[in-house]
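Report on the structure given below.
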Amino acid sequence: MENLTMDATDMSRFNAFSIISVGYKTVGDHTITADVLYPKTLNDSTQQHKSPSGPRPVLLRYHGGGLIAGYSLFPPFFSPWYLELAQEYSAVIVSPNYRLLPESSVLDVLEDVEDHWHRMHQSLPALLQRETKGTVEADLRRIMTVGDSAGGYLSLQMALNHPDEIRSVNAVYPMVNPKASYFSSGEERPVFNLPTYPLDTLRLHLDYVRRQEAVMQKPVIVSAAADAERFRLMFAACQHSQLGQNFPEAPITPYLLERLDAGARFPRGGVLILHGRDDSVAPVTESYALQGKLAQVDPNLNFRLVVRDGEHGFDHLAKLHDNWLCDAIQDIVRSWLV
């Protein structure tokens, strides 16, 4: 917990990138933003001879945080190897925020990322033209979705939404099945080595939110939150297996496995899942369940699950050219770039 709050303001990992922040949606009077990052070398006149020409591929990246915490540029949740990947191929990263639970619903989250998809296609070319004076262009025909934890869940969801427009997919220790007992049983379980937070942490927070809404006469909306109280809320929901209880019962929309059973399919360029064998936040068994489901309904998909020793977040120490990672990503990168 201390590391999350201590590192929250250390933006040094983004030093090699120019960042454009822009609103893409307004709900009531609340603006939801997205960040566009591109290597500074693309906009540096002294480096133009070294920079590739033409429109650049796009990494569409979704942040983690259990759908409860974090934001698009929260440093501890932004895997360094994604930044290395963007530098390696002079790619543009697009990283949207979205409404967070429990103030909003998971259907609101999915609506936001879908609205962002359409807004990105409408406005990103003009945004880059204006902000970079035409020196940086994005190739929206070459999109790879990426994300870890809750961001991995959203990466997979968007890939099912747009299988013909997204080249390939990466998800790292994703939440695959919110209905699994690990996420929804209400049973207590250890998460990292954290102290156990009270069972009623989530309920008390929601009670406070409802009182705020009654006073203000409007919904409370949160789309970026990374303080200690918010992380206690996130970890309490994980420790007491409550996250899945925030998902609706009826619609198949939030459920990846049900969507696959109903005929949804991933992009033909391939799907790569990376998962830690010792994950105490999102169990690796659920990624194996996704692998099994795809073997049944889409056996020809280029799907790869790479399981490594380590906890949730194990890849944050990885380097792009580490042998195991370089080998793991080669197929999805090739599909992304061709």
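Residue numbering for the sequence shown follows my numbering, beginning at -8 and increasing consecutively.
Even for Gly, the Cβ is constructed at its ideal location relative to N, Cα and C.
Q | Y29 - partner residues in DSSP beta bridges | A | Residue 29 sits at position 38 when you count from the first residue of the sequence shown. For Y29, which the question treats as bridged, DSSP gives the partners S9.
Q.
Could you give the first and the last residue of the continuous beta strand (DSSP E) run that contains Y53?
A. Here residue 53 refers to the residue found at position 62 of the sequence shown. Residues 47 to 53.
Q.
DSSP has M135 in a bridge; who is on the other side?
A. Along the sequence shown, one-based indexing puts residue 135 at 144. Partner(s): L50, S159.
(Q) Need the endpoints of the alpha helix (DSSP H) that R221 sits in, please. (A) Sequence index remark: in the sequence shown, residue 221 carries index 230 (1-based). Where R221 is concerned, the enclosing alpha helix (DSSP H) stretches over 219 to 230.
Q. Under the rule that 16 or more other beta-carbon atoms within 10 Å means buried, what is L86, buried or exposed?
A. Taking the sequence shown and counting its residues from 1, the one referred to as residue 86 is at position 95. Reading the sequence as shown, one finds Ser at residue 86 and not Leu. Burial call: buried.
Q | Three-state secondary structure assigned by DSSP to H40 | A | Here residue 40 corresponds to residue number 49 of the sequence shown, with the count starting at 1. Legend: pLDDT at H40 = 47, less than 50; position of this residue unreliable, value from coordinates given subsequently. Secondary structure at H40: helix, using DSSP grouped into helix, strand and coil.
Q. Using the beta-carbon count (16 or more within 10 Å), is A286 buried or exposed?
A. Indexing the sequence shown from 1 puts residue 286 at position 295. Under this definition A286 is an exposed residue.
Q. Taking Y53 as the reference, which of I84, Q120, A117 has the closest Cα?
A. On the sequence shown, residue 53 is found 62 positions in, with the first residue counted as 1. The candidate whose alpha carbon is nearest that of Y53 is I84.
**Q.** Distance, Y80 Cα to A7 Cα
**A.** As a first step, residue 7 is located in the sequence shown; it is residue number 16 there, counting from the start. As a first step, residue 80 is located in the sequence shown; it is residue number 89 there, counting from the start. When rounded, the distance between both Cα atoms is 14 Å.
Q.
Between G143 and Y173, how many whole angstroms is the CB-CB distance? I'm expecting something under 8 Å.
A. The sequence position of residue 143 within the sequence shown is 152, counting from 1. The sequence position of residue 173 within the sequence shown is 182, counting from 1. Not a contact, Cβ separation roughly 15 Å.
Q: Could you work out which residue in L92, P66, K124 is closest to A60 when comparing CA atoms only?
A: For the purposes of this step, residue 60 is taken as the residue at position 69 of the sequence shown. Ranking the options by Cα distance to A60, first place goes to L92.
**Q.** Residue nearest to L340 in terms of C-alpha spacing, selected from T0, D322, P30, P242
**A.** Any answer about residue 340 is impossible in this case: the structure gives the chain only from -8 up to 329.
Q | Assigned exposure category for M149 - 16 Cβ within 10 Å defines buried | A | In the sequence shown, residue 149 corresponds to position 158, counting from 1. Around the C-beta of M149, 16 or more other C-beta atoms lie within 10 Å, and the residue is accordingly described as buried.
Q) Using 8 Å as the Cβ pair cut-off and three pairs as the minimum, do the region 242 to 258 and the region 111 to 125 touch? A) Between the region 242 to 258 and the region 111 to 125, the count of Cβ pairs shorter than 8 Å is below three; the stretches do not touch.
Q | Among A205, V18, S278, L328, nearest to D269 - alpha-carbon criterion | A | Locating residue 269 in the sequence shown gives position 278, counting from the first residue. Selected option, being the one with the closest Cα: S278.
Q | N168 versus R256 - alpha carbon distance | A | Sequence index remark: in the sequence shown, residue 168 carries index 177 (1-based). Sequence index remark: in the sequence shown, residue 256 carries index 265 (1-based). In a straight line, the C-alpha of N168 is about 16 Å away from that of R256.
(Q) Please classify W315 as buried or exposed, where buried requires at least 16 other C-beta atoms within 10 Å of its C-beta. (A) One-based indexing of the sequence shown puts residue 315 at position 324. So W315 ends up on the exposed side.
Q | Through-space distance from S44 to R221, alpha-carbon basis | A | Start at 1 with the first residue of the sequence shown, and residue 221 comes out as number 230. Start at 1 with the first residue of the sequence shown, and residue 44 comes out as number 53. Between R221 and S44, the C-alpha separation is close to 43 Å.
Q. S271 to G56, Cα distance in whole Å?
A. Your numbering for residue 271 matches position 280 in the sequence shown. Your numbering for residue 56 matches position 65 in the sequence shown. Here the alpha carbons of G56 and S271 stand approximately 14 Å from one another.
**Q.** Continuous beta strand (DSSP E) stretch holding S86: start and end
**A.** By 1-based counting over the sequence shown, the position of residue 86 is 95. In the DSSP assignment, S86 falls within the beta strand (DSSP E) that extends over 83 to 87.
Q: Give every residue of the same chain whose Cβ lies closer than 8 Å to the Cβ of L251, excluding the five residues on either side of it in the sequence, and list them in chain order.
A: Looking up residue 251 in the sequence shown gives position 260. Closer than 8 Å at the Cβ level, and outside the excluded window around L251, lie L151, K284, L285, V288, D289.
**Q.** Residue from P186, A280, S175 with nearest C-alpha to S232
**A.** For the purposes of this step, residue 232 is taken as the residue at position 241 of the sequence shown. Measuring from the Cα of S232, the nearest candidate turns out to be S175.
Q.
Just to confirm before moving on: does the CB-CB distance between F226 and V182 stay below 8 Å?
A. Residue numbering aside, residue 226 sits at position 235 when the sequence shown is read from its first letter. Residue numbering aside, residue 182 sits at position 191 when the sequence shown is read from its first letter. Cβ distance < 8 Å, so F226 and V182 count as in contact.
Q) Three or more C-beta pairs closer than 8 Å, one from the region 65 to 77 and one from the region 180 to 197: is that the case here? A) No, because fewer than three Cβ pairs between the region 65 to 77 and the region 180 to 197 fall closer than 8 Å, the two stretches do not touch.
Q.
Quick check on D306: buried or exposed, where buried means 16 or more other Cβ atoms within 10 Å of its Cβ?
A. Along the sequence shown, one-based indexing puts residue 306 at 315. Buried.
Q | CA-to-CA distance, S140 to P48, given in whole angstroms | A | By one-based count along the sequence shown, residue 48 stands at place 57. By one-based count along the sequence shown, residue 140 stands at place 149. Their Cα atoms are separated by approximately 23 Å.
Q. Which whole runs of the alpha helix (DSSP H) in the region 95 to 150 are 4 residues long or more, in chain order?
A. Within the region 95 to 150, the complete alpha helix (DSSP H) runs of at least 4 residues are 97 to 123.
Q: Return the bridge partner residues of R295 from the DSSP annotation.
A: What you label residue 295 is simply residue 304 of the sequence shown in a count that begins at 1. Partner(s): L263.
Q: Quick one: measure Cβ to Cβ for G261 and D322, integer angstroms, because I've assumed they're closer than 8 Å.
A: Along the sequence shown, read from residue 1 onward, the residue named residue 261 stands at position 270. Along the sequence shown, read from residue 1 onward, the residue named residue 322 stands at position 331. 5 Å between Cβ atoms; contact.
(Q) Alpha carbons only, please: which of D300, L281, P258 is nearest the one belonging to I264? (A) By one-based count along the sequence shown, residue 264 stands at place 273. Nearest option by C-alpha distance: L281.
**Q.** Local conformation of V329 per DSSP, three classes
**A.** Here residue 329 refers to the residue found at position 338 when the sequence shown is read from its first residue. If DSSP states are grouped into helix, strand and coil, V329 belongs with coil.
Q. Can you give the Cα-Cα distance for F5 and P274, rounded to whole angstroms?
A. Residue 5 sits at position 14 when you count from the first residue of the sequence shown. Residue 274 sits at position 283 when you count from the first residue of the sequence shown. Using only the alpha carbons, I get a separation of about 30 Å.
Q. Leaving out five residues before and five after L190 in sequence, what residues of the same chain have Cβ atoms less than 7 Å from its Cβ?
A. On the sequence shown, position 199 is the one that residue 190 refers to. Exclusion of the five residues before and after L190 leaves H231 as the residues of its chain whose Cβ lies within less than 7 Å of its Cβ.
Q) Grouping DSSP H, G and I as helix and E and B as strand, with all else coil, what is I23? A) The count along the sequence shown starts at 1 and reaches residue 23 at position 32. In the displayed model, I23 falls within a strand according to three-state DSSP.
**Q.** DSSP state of V18 mapped onto helix, strand, coil
**A.** Your numbering for residue 18 matches position 27 in the sequence shown. Annotated three-state conformation of V18 is strand, per DSSP.
Q. Which parts of the region 160 to 221 are runs of the alpha helix (DSSP H), unbroken and 4 residues or longer, counting only runs that do not cross its ends?
A. Taking only runs of at least 4 residues, the alpha helix (DSSP H) segments lying wholly in the region 160 to 221 are 172 to 175, 192 to 207.
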